[in-house]
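**Q** The structure's right below; bear with me while I get my questions together.
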Amino acid sequence: MKHHTINLIVGFFFLIAFSVGPFSSSAEALEIRQLTSPKGIKLWFVKDTNLPIIQMRFLWRGGAANFDPGLIRFLSTMLDEGAGDLDATTFQTRKEDYGIKLSFSAEKDSFSGSLSTLSKHKDEAFSLLALAVNKPRFADTPLERMRQALMAGHRRSASDSGTIASETWWQNTLAGHAYGNAVRGTPEFTQKVTQGMLRKAHRQLFAQDNLIISVVGDIEETDLLSQIDKIFAELPVKNSLQQIKPFSTSDGSFVFVDFPGPQTEIIFGHIGIPFNDPDYYPALVVNHILGGGGFSARLMTEIREKRGLVYSVYSYLNEIGSLPVWMGRMGTSHKNVEEALTVLHVELQRMREDGPTEIELKNAKNYIMGSYALGFDSGRKIASKMLTAQYFGLPPSHFEKRNSYIEAVTLEDARRVARRLLKPDQLIITAVGQKATSE
Amino acid sequence: MLLRLSFRFSGRPFYILLMIMSIALSACSQSRDNPQNIKTDTLPNGLEIVVITDKRAPVITHMVWYKAGATDDPDGKSGIAHYFEHLMFKGTNTLASGEFSEKIAMMGGSENAFTSHDYTAYFQRISSDRLGEVMKLEADRMTNLVFVEAEALSEQDVVLEERASRTDSSPLALLGEKLRHVLHKPSPYARPIIGWRHEIEKLNVEDAKDFYKRFYAPDNAILVVAGDADMPEVKKLAARYYGAIPPANKPKNQLIKADNLSAPETIYMQDVRTRQPVMQRIYRLPVWNRDNAKSFAALELLIEILSSGTTGRLYQSLIVNEKIAVGVGGWADTMRRAHGEAVVYISPSDTTHIDSNIALLDEEIKKLKTEQVTLQELERAKTKTLADTLYAQDSQFAQARIYGSLMSIGLTIEDVGRWTQDIEAVSAADILKAANLYLDASQSITGLLTPPLDAPNKIKSGSEKAEAPTS
Numbered sequence: 027m028k029h030h031t032i033n034l035i036v037g038f039f040f041l042i043a044f045s046v047g048p049f050s051s052s053a054e055a056l057e058i059r060q061l062t063s064p065k066g067i068k069l070w071f072v073k074d075t076n077l078p079i080i081q082m083r084f085l086w087r088g089g090a091a092n093f094d095p096g097l098i099r100f101l102s103t104m105l106d107e108g109a110g111d112l113d114a115t116t117f118q119t120r121k122e123d124y125g126i127k128l129s130f131s132a133e134k135d136s137f138s139g140s141l142s143t144l145s146k147h148k149d150e151a152f153s154l155l156a157l158a159v160n161k162p163r164f165a166d167t168p169l170e171r172m173r174q175a176l177m178a179g180h181r182r183s184a185s186d187s188g189t190i191a192s193e194t195w196w197q198n199t200l201a202g203h204a205y206g207n208a209v210r211g212t213p214e215f216t217q218k219v220t221q222g223m224l225r226k227a228h229r230q231l232f233a234q235d236n237l238i239i240s241v242v243g244d245i246e247e248t249d250l251l252s253q254i255d256k257i258f259a260e261l262p263v264k265n266s267l268q269q270i271k272p273f274s275t276s277d278g279s280f281v282f283v284d285f286p287g288p289q290t291e292i293i294f295g296h297i298g299i300p301f302n303d304p305d306y307y308p309a310l311v312v313n314h315i316l317g318g319g320g321f322s323a324r325l326m327t328e329i330r331e332k333r334g335l336v337y338s339v340y341s342y343l344n345e346i347g348s349l350p351v352w353m354g355r356m357g358t359s360h361k362n363v364e365e366a367l368t369v370l371h372v373e374l375q376r377m378r379e380d381g382p383t384e385i386e387l388k389n390a391k392n393y394i395m396g397s398y399a400l401g402f403d404s405g406r407k408i409a410s411k412m413l414t415a416q417y418f419g420l421p422p423s424h425f426e427k428r429n430s431y432i433e434a435v436t437l438e439d440a441r442r443v444a445r446r447l448l449k450p451d452q453l454i455i456t457a458v459g460q461k462a463t464s465e
Numbered sequence: 125m126l127l128r129l130s131f132r133f134s135g136r137p138f139y140i141l142l143m144i145m146s147i148a149l150s151a152c153s154q155s156r157d158n159p160q161n162i163k164t165d166t167l168p169n170g171l172e173i174v175v176i177t178d179k180r181a182p183v184i185t186h187m188v189w190y191k192a193g194a195t196d197d198p199d200g201k202s203g204i205a206h207y208f209e210h211l212m213f214k215g216t217n218t219l220a221s222g223e224f225s226e227k228i229a230m231m232g233g234s235e236n237a238f239t240s241h242d243y244t245a246y247f248q249r250i251s252s253d254r255l256g257e258v259m260k261l262e263a264d265r266m267t268n269l270v271f272v273e274a275e276a277l278s279e280q281d282v283v284l285e286e287r288a289s290r291t292d293s294s295p296l297a298l299l300g301e302k303l304r305h306v307l308h309k310p311s312p313y314a315r316p317i318i319g320w321r322h323e324i325e326k327l328n329v330e331d332a333k334d335f336y337k338r339f340y341a342p343d344n345a346i347l348v349v350a351g352d353a354d355m356p357e358v359k360k361l362a363a364r365y366y367g368a369i370p371p372a373n374k375p376k377n378q379l380i381k382a383d384n385l386s387a388p389e390t391i392y393m394q395d396v397r398t399r400q401p402v403m404q405r406i407y408r409l410p411v412w413n414r415d416n417a418k419s420f421a422a423l424e425l426l427i428e429i430l431s432s433g434t435t436g437r438l439y440q441s442l443i444v445n446e447k448i449a450v451g452v453g454g455w456a457d458t459m460r461r462a463h464g465e466a467v468v469y470i471s472p473s474d475t476t477h478i479d480s481n482i483a484l485l486d487e488e489i490k491k492l493k494t495e496q497v498t499l500q501e502l503e504r505a506k507t508k509t510l511a512d513t514l515y516a517q518d519s520q521f522a523q524a525r526i527y528g529s530l531m532s533i534g535l536t537i538e539d540v541g542r543w544t545q546d547i548e549a550v551s552a553a554d555i556l557k558a559a560n561l562y563l564d565a566s567q568s569i570t571g572l573l574t575p576p577l578d579a580p581n582k583i584k585s586g587s588e589k590a591e592a593p594t595s
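Protein chains in written order, with the working numbering: chain A, 27 to 465; chain B, 125 to 595.
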């Protein structure tokens, strides 16, 4: 068995970062261990015995975009609907009898799972997970039941203006490319999914070389490693996913979808800056000042606080596989759509041309650095942070260094990157609502 | 599916938190194994203090809970508690409008607030060495808020947009409003937290000032600090910042109970936006007190057995066996200032199966009233409920929210602790009793939301008595 330990990552760093104050912090340090199981499965682990629970998060690279749209969402509903020698009802009964939480989720570029269990029921929990991962049955009766549930999901999506706006935005931005398709696919496709299609997708996607795992909780390391082998070491070493074709995004456009209701739901955005780009952190700071968290962002101030046009407006950087995007959303009364969009354009242009002020930059950096610790105050959050870091190929020491990247952003960087990031003339907008009628 | 309103950080503000108590309540108790991490105290001016120590990360959640919510809105001024919550983010006599939020952000803190029928709460999540600074800011707006007409007017537009976005855009939310309007009359629970649109439009700064003077004072508030903090430091800082604020010594509002319904009611609602039909039933419950706490614990397990997960009776009956539904769920919200609710919902597979779903729901409820649940069902419900309390302890924010919400309606730490024991002690006979006691059809209302249906169909169009008052 080979494993090495990187000490003091979470706690130590924060103790240093927050050492000035009226009383010194007595927070405990948690260490992140980078482990490799006897059969070669890698994972990150934080032992936390404060609560008698274990939380595991795992993710396969490769998602809805590597398959026919809708297939992977269907797959995500079927893994706990009977596996190995347990039929659906027996599997689910065992899960609930022990208070185990197990769920799977499909995204455009990933397929992830989450297991929470009381540590005293860990053997039952891990053996159920091993069955779900390795031996899902895809039996006819539960398959038809999940098909009906997914069809209901399609009906709900079709009656939600927010979902319509978002799906239209992606389709419109990536016309014809797999990243543009909704993860849920179409009702027509959901009707056609067969056991054979699910089996094939499961075989292609679930492998060792595209798998990442993080675990937080009350379990001994040696026990965990042998459990991990039972769950994941039987999977094929290499995945056989279809590769995703190169994409191109559309030029600026405005698409309007007529839909009844009191508000128009608006999604706006364009291509962004990827996480591995040297300009990523300046872009993060610029976006924070423009439309990121809190009430002091420019879009919030101008559109909500000064004009009362919306309840909520925000923007963010996102990444789907190899596609970085910058996007945002707001909802406003039909009569205010034009004014809200005008203010949005003015603010994008202003940020692009002048960048942030020195004070805005300082405040934003303070917030982004100071709030970083808030993402580590529960086992669930730590597990998810560790999954994200692995997804981007970062070492655990990233958590120590990350704030120094924010600290290093200069006003010049922010101005330059604002110009690179924001392209108001290439904005892709979808609006779902009703055209304002003049009164 | 329909009823989860999650907390959304990262710049996606939420103002009303509809506490979904099936989640929150099932998580409402610290395990008896480590109650020593929770301490309470009271300042001379009446401010109650709760500290929930969790030192895994050097951050804290600081909350102030006011025992005032939408039930305290004066008649004809529904929405004032919530609108006022928005105004708390404006200026004080030493801070300009928006400066509160700027200062919190500069310290790396997240903040927000939420209003329910029973309470209003304000919180910051921040590095633990900033506790004194956030207390200073929160104490300042407890007593020094300044009202500026123009800001208040613009905020009224924001609230109207919030109503449009959360309620008017959602047929399901509109159905919930209609159901509660009938079920809880004339109690203030009959009004939506955010208020009726025509009443929000007429609110003014004077209403807000009155609400502030009456309810925002240390003797009507609870300070909750969770995370990397201990009682001695918290109390010292609280005394420094909150201790100087005088109590208001105002009487509490009298609880107005709902009138009994003469018969079960049904409300039919059709909406062009709806594609997936929904049926929702709400049973109105008696007011929580220490005498009925044990039977309410039995009710919570009953609702779990009926409607939770894939092993629940409704899932097995309607979805697995009969295949006439695509989703079911439910929760019991027993701990409120006045009437609680037990709620069950069903998503029928299509509109032709609505009647058969309701018939089977009634059959399952009848069974619960006449036959004891199995031992396996009882044990499973207890295990799931108690496991959920442990999962909830992973989050300092959830812990702070649970204790704040329950203490703001008058429960003590001991009441909350006893809840776990009550759950463990429930027998199958208790559940049978609770079913007969609380699932009283005559005090229930059923709502049906469908797409527009053809005229000959027996589903009627919207019922007048469900309309909001218009003047």
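Glycine included, C-beta positions come from ideal geometry on N, C-alpha and C.
This structure is a prediction, so every number in the text was calculated from the model and none was measured.
Considering Cα atoms alone, identify which of A:324, A:255 and A:333 is closest to residue 63 (chain A).
**A** A:255
**Q** When DSSP builds the beta bridges, which residues end up paired with residue 81 (chain A)?
**A** A:142 and A:242
**Q** Any Cβ of chain B within less than 8 Å of the Cβ of residue 80 (chain A)?
**A** no
**Q** Identify whether residue 59 (chain A) lies in helix, strand or coil by the three-state DSSP scheme.
**A** strand
**Q** Which of helix, strand or coil does DSSP assign to residue 459 (chain A)?
**A** strand
**Q** Interface residues of chain B around residue 124 (chain A) at Cβ under 7 Å?
**A** In chain order: 507.
**Q** Using beta carbons (cut-off 8 Å, strictly below), is residue 56 (chain A) in contact with chain B?
**A** Cβ-Cβ to chain B under 8 Å: yes for residue 56 (chain A).
**Q** Indicate the three-state DSSP secondary structure (helix, strand or coil) for residue 177 (chain A) in the structure shown.
**A** Here residue 177 (chain A) carries a helix assignment [DSSP, helix/strand/coil].
**Q** Report yes or no: is there a C-beta of chain B within less than 8 Å of the C-beta of residue 288 (chain A)?
**A** yes
**Q** According to DSSP, is residue 563 (chain B) helix, strand or coil?
**A** coil
**Q** Tell me, please, whether the CB atom of residue 330 (chain A) is closer than 8 Å to any CB atom in chain B?
**A** yes
**Q** Residue 238 (chain B) to residue 208 (chain B), Cα distance in whole Å?
**A** 11 Å
**Q** Could you check if residue 152 (chain B) is buried or exposed, using at least 16 other CB atoms within 10 Å of its CB as the buried criterion?
**A** No answer about residue 152 (chain B) holds up, because its pLDDT of 38 lies below 50 and its placement is not dependable.
**Q** Are residue 298 (chain A) and residue 343 (chain A) closer than 8 Å when you measure CB to CB?
**A** yes
**Q** Which residues does DSSP list as the beta-bridge partners of residue 393 (chain B)?
**A** B:573
**Q** Would you call the region 552-570 of chain B and the region 489-507 of chain B in contact, with 3 or more CB pairs under 8 Å?
**A** yes
**Q** Taking CB distances under 8 Å as the criterion, tell me whether residue 264 (chain B) reaches chain A.
**A** no
**Q** Does the distance from the CB of residue 358 (chain A) to the CB of residue 290 (chain A) come in under 8 Å?
**A** yes
**Q** Could you list the residues in the region 182-207 of chain B with a C-beta less than 8 Å from some C-beta on chain A, going in chain order?
**A** 182 and 183
**Q** Residue range of the beta strand (DSSP E) that residue 353 (chain A) falls in?
**A** 349-359
**Q** May I ask which residues mark the beginning and end of the alpha helix (DSSP H) holding residue 165 (chain B)?
**A** Here residue 165 (chain B) belongs to no alpha helix (DSSP H); instead the beta strand (DSSP E) covers 162-166.
**Q** Could you name the residues of chain A that residue 397 (chain B) contacts, counting a contact when the two beta carbons are closer than 7 Å?
**A** Identification of chain A residues near residue 397 (chain B) by a Cβ-Cβ cut-off of 7 Å yields 185, 286 and 287, ordered along the chain.
**Q** What residues in its chain sit with their C-beta under 8 Å from that of residue 3 (chain A), if we drop five residues either side in the sequence?
**A** Because chain A in this structure spans residues 27 to 465, residue 3 (chain A) falls outside the shown range and cannot be described.
**Q** Judging by CA-CA distance, which residue of B:446, B:416 and B:451 is the nearest neighbour of residue 550 (chain B)?
**A** B:416
**Q** In this structure, how does DSSP classify residue 450 (chain A) when only helix, strand and coil are distinguished?
**A** helix
**Q** Restricting to Cα atoms, I'd like to know which of B:362, B:453 and B:422 is closest to residue 545 (chain B).
**A** Answer by Cα proximity: B:422.
**Q** Using CA coordinates, which residue listed in B:474, B:448, B:463 and B:374 is at the minimum distance from residue 484 (chain B)?
**A** B:448
**Q** Report the residue ranges of all alpha helix (DSSP H) runs contained in full by the region 262-315 of chain B; include only those spanning at least 4 residues, in chain order.
**A** 273-287 and 295-307
**Q** Kindly indicate if chain A contains any beta-carbon less than 8 Å away from that of residue 229 (chain B).
**A** yes
**Q** For residue 200 (chain B), count the other beta carbons within 10 Å of its own beta carbon; 16 or more makes it buried, fewer makes it exposed. Which is it?
**A** exposed
**Q** According to DSSP, is residue 443 (chain B) helix, strand or coil?
**A** helix
**Q** What do you reckon, are the CB atoms on residue 435 (chain B) and residue 119 (chain A) nearer than 8 Å?
**A** yes
**Q** According to a CB-to-CB cut-off of less than 7 Å, which residues of the region 402-416 of chain A neighbour chain B?
**A** 402, 403, 404, 405 and 406
**Q** Using the beta-carbon count (16 or more within 10 Å), is residue 498 (chain B) buried or exposed?
**A** exposed
**Q** Can you check DSSP and say which residues form a bridge with residue 68 (chain A)?
**A** A:62
**Q** Hey, how far is the Cα of residue 394 (chain B) from the Cα of residue 285 (chain A)?
**A** 16 Å
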